[in-house]
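> First the structure, then my questions, so here it is.
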Amino acid sequence: MNIKEELYNQCVEFVDNRFQTIQKTINEIQESLHSETKSSAGDKHETGRAMLQLEREKAGNQLAEIVKVKEALSKIDPSKPSTTVGLGSVVYTSGANYYMAVSAGRLKAENHLFYAISPNTPIGQLLMGKTVGDTIVFRGLEFNITSLV
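In our numbering, the protein residues as written are 1099 to 1247.
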């Protein structure tokens, strides 16, 4: 397995775990709402239901967001080499190393540390379309792109 496939698989696992966590939360809220319906009436009951409804709405929004992230990830072909920075690129710089995919935090592959970032993050926007040898300045620090995979 090459480094691109390894990073891609780590991102897929990250997104799947997040998806399952949100699904579990939604299921727990549904169960709470159901049991809240069976309990006593009154102001306390109504407040409890309202809070659960808000939690369900928040979890629903998180679920919609993670579905979008899954779709973005599905557009990546980890076997495709990169000549310019784009979705799916592994970017080595004189500063940090990046995997342009989804915001999944720090990943480790082949004894290198990578930051899995989305193209619409500030650093992602600076990197998009660049090639080996290009320089970017981020938060006052200058980085050179040394290699692309």
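Every residue, glycine too, gets a C-beta built ideally from N, C-alpha and C.
Let me know the secondary structure DSSP gives threonine 1191 once reduced to three states.
strand
> Tell me the residue span of the beta strand (DSSP E) that contains isoleucine 1243.
1239-1246
> Report the CB separation of threonine 1191 from phenylalanine 1117 in whole angstroms; it is logged as a contact under 8 Å.
Not quite, the Cβ-Cβ distance comes to about 30 Å (not below 8 Å), so this is no contact.
> Valine 1113 by DSSP, collapsed to three states: which one?
Helix, per DSSP.
> Classify leucine 1185 as helix, strand or coil using the three-state DSSP reduction.
coil
> Using beta-carbon positions only, say whether valine 1167 and valine 1188 come within less than 8 Å of one another.
no
> So, at 7 Å on beta carbons, what are the nonlocal neighbours of isoleucine 1164 in its own chain, with the 5 sequence-adjacent residues on each side left out?
Val1113, Arg1116, Phe1117 and Ile1120
> Which residues share a DSSP beta bridge with glycine 1146?
Paired residues: none, contrary to the question.
> Using the Cβ count rule (16 or more neighbours within 10 Å means buried), how would you classify glycine 1222?
buried
> Taking leucine 1225 as the reference, which of Tyr1196, Gln1128 and Val1110 has the closest Cα?
Here the closest residue by C-alpha is Tyr1196.
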